[in-house]
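Okay, structure first, notes after.
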Ligand code: IPM
Ligand code: MN
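Residue numbers (the working numbering): 51 to 397.
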């Protein structure tokens, strides 16, 4: 029997609850579908940091490299460990080390879920550059703590990095409704963003079947709210993509529904799957976190692993669950109840 070995990093807060929920669903669908999943839980988290002084062991990346995929809950416990330490010690280095350059985030309304907009029939796929740009980590502070202090943080855009994410976006658009929105702020940022626009135009010649439009990020933010049906695939830099996908989550009813996949398209290292939401310390361990975003991320993992049939079954089960009104109202259904409903809907 085909076996996929998965590294489970529940992380902090509700990350633990939703990873457990997703894993229950994934193990069940594997049984129905004739393949096996082995899960190895890694306790890397802010608690681990408090115990060891590190978010993951020194050889953490090498440990992860042996797995077929990584399922992650959420990282962060800001009252105990500054976010700038916890995220740069675990989540962000994994995205970079494993060249997971495409962060894919689908935004559409599940049946039975009411979003805040009048528009109901949108289906947007955000593709966020995930390894460079504004998240490059290049910078520093001098004269710290004095009135002369200076902080510099430089965005880094490389031709290779921009080309590969745009190509990925063009390919996704080609496989969907043929429309690509390429996002910059080239009216204000005249080097990196003009560079991005130029590469968009250059690649467009290779994809005559794709209808590509360049938008400024502020205009696109408004369009996601005013006219989301007009959008198909959206491709953006790391920070712009981060912000736009929180809008995406909001218009799909909330962060409890927003799934994501950090993909290494070349498959030279494992990809990582995680809900867009954070660790939500305020509701951690109350058992009320919505696991749908994590379960949906698990479906994206199955798809990546080549288990398309099982991925489809999980999506159908999620949709059958929300169509019945389970998991559609914040705080109404407990994590376990939503998980059981999804498991029961698996066929
Ligand atoms: C996300 C998160 C992360 C990001 C944070 C936690 C560093 O907001 O995955 O969207 O900005 O990438
Ligand atoms: Mn974010």
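Note that CB positions come from ideal geometry on N, CA and C, so glycine has one too.
### Query
Hey, how far is the Cα of residue 148 from the Cα of residue 214?
The straight-line gap from Cα to Cα measures roughly 15 Å.
### Query
Just the Cα atoms here: how many angstroms apart are residue 178 and residue 323?
Going by C-alpha positions, residue 178 is about 14 Å away from residue 323.
### Message
Taking a contact to mean a Cβ-Cβ separation below 8 Å, would you say residue 345 touches residue 385 in this structure?
### Response
Using a Cβ distance threshold of 8 Å, residue 345 and residue 385 do not count as a contacting pair.
### Query
Using the C-alpha atoms, what's the distance from residue 208 back to residue 195?
Going by the C-alpha atoms only, they are around 33 Å apart.
### Query
If residue 167 and residue 301 are in contact, beta carbons under 8 Å, what's the gap, nearest whole angstrom?
In this structure residue 167 touches residue 301 by the C-beta definition: roughly 5 Å separates them, less than 8 Å.
#### Entry: Around the ligand IPM, Cβ to any heavy atom closer than 5 Å, ordered along the chain
Qualifying residues, in the order they occur: 137, 292.
### Query
Using a Cβ-Cβ cut-off of 6 Å (strictly less than) and excluding sequence neighbours within five positions of residue 99, which residues of its own chain qualify?
Contacts found: 105, 131.
### Buried versus exposed, by CB contacts within 10 Å (16 or more), residue 181
Per the 10 Å Cβ criterion, buried.
### Task
Could you please give the first and the last residue of the uninterrupted beta strand (DSSP E) stretch that includes residue 323?
Unbroken beta strand (DSSP E) run through residue 323: 321-325.
#### Entry: Reduced DSSP category for residue 284 - H, G, I as helix; E, B as strand; rest coil
In the three-state DSSP reduction, residue 284 falls in the strand class (E or B).
### Task
Please classify residue 379: does DSSP put it in a helix, a strand, or coil?
Correct three-state label for residue 379: coil.
### Query
Between which two residues does the alpha helix (DSSP H) harbouring residue 215 extend?
According to the DSSP assignment, residue 215 belongs to the alpha helix (DSSP H) that extends over 209-225.
### Message
If I follow the unbroken beta strand (DSSP E) through residue 87, where does it start and stop?
### Response
Per DSSP, residue 87 belongs to the beta strand (DSSP E) from 86-91.
### Task
Following the continuous alpha helix (DSSP H) through residue 78, name the residue where it begins and the one where it ends.
Its alpha helix (DSSP H) spans residues 64-83.
#### Entry: Stretch pair the stretch 287-302 + the stretch 126-140: three plus CB contacts closer than 8 Å
Three or more Cβ pairs closer than 8 Å define a contact, and the stretch 287-302 falls short of that threshold against the stretch 126-140.
### Task
Taking 8 Å as the cut-off, decide whether the C-beta atoms of residue 155 and residue 172 are in contact.
No. Outside cutoff.
### Message
Going by beta-carbon coordinates alone, are residue 364 and residue 352 separated by less than 8 Å?
### Response
A distance below 8 Å separates the beta carbons of residue 364 and residue 352.
### Task
Look up residue 167 in the DSSP assignment and give the residues it is bridged to.
By DSSP's assignment, residue 167 forms no beta bridge with any residue.
### 7 Å CB neighbourhood of residue 62 in its chain, flanking five on each side removed
Counting only Cβ-Cβ distances below 7 Å, and skipping sequence neighbours, we find 95, 96, 124, 125, 126, 127, 329.
### Query
My guess is that residue 250 and residue 216 are in contact by the Cβ rule of under 8 Å, so how many angstroms apart are they, rounded?
Under the criterion of beta carbons closer than 8 Å, residue 250 and residue 216 qualify as touching, at roughly 6 Å.
### Task
Return yes when the Cβ of residue 316 is within less than 8 Å of the Cβ of residue 83, no when it is not.
It is not a contact, given that the beta carbons lie outside the stated cut-off.
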